[in-house]
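In the numbering used here, the protein residues as written are 1 to 150.
Reviewing the structure listed below.
Structure, rendered in structure tokens:
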């Protein structure tokens, strides 16, 4: 059982003016294939709008994220070691990859200098106690009012 056969049968049923709910029941009975009514509507709409061969769309990614090969990586490292440039400036020389990819390469090879001022956030102590009324705090201020004697 292929999806193309199921889709072909669905469109034959739609030509005979069956509703989506009826098509859904018939496909369940014939092919033991459960499908949502919304998916059937999308199939119908897709066939009306384009010339569809009833096959699934390709699941191949549009962007390949592993395009950084060893040659490019070596070039980035050499530029960093020779010039001391950062990722932003290296991106001007290496056009094949983005600035963020260059940053990733530099971090991977420990060629970055982290900011010494930037520290890890301290965990704050919550001011809670096990027993009620075990933690009290009072702010007192001593203010003198003119004209009154102490």
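The beta-carbon is built from N, C-alpha and C at its ideal position, and this holds for glycine as well.
For residue i and residue j, what's the separation of their Cα atoms in angstroms?
i           : j           : result
residue 64  : residue 92  : 21 angstroms
residue 111 : residue 86  : 9 angstroms
residue 62  : residue 10  : 30 angstroms
residue 24  : residue 37  : 7 angstroms
residue 155 : residue 66  : For the chain, the structure presents residues 1 to 150; residue 155 sits outside this window and is missing.
residue 101 : residue 134 : 54 angstroms
residue 16  : residue 22  : 11 angstroms
residue 83  : residue 115 : 20 angstroms
residue 142 : residue 136 : 20 angstroms
Going by the CB atoms, is the gap between residue j and residue i shorter than 8 angstroms?
i          : j           : result
residue 72 : residue 109 : no
residue 40 : residue 80  : no
residue 68 : residue 90  : no
residue 4  : residue 59  : no
residue 99 : residue 88  : yes
residue 43 : residue 7   : yes
Check the C-beta distance from residue i over to residue j and give it rounded, since I have them as a contact under 8 angstroms.
i          : j          : result
residue 13 : residue 26 : 6 angstroms
Contained beta strand (DSSP E) runs [length at least 3] in the stretch 80 to 112, N- to C-terminal order: none
Those runs of the alpha helix (DSSP H) which lie wholly inside the stretch 12 to 62 and span at least 4 residues: 20 to 31 and 37 to 49
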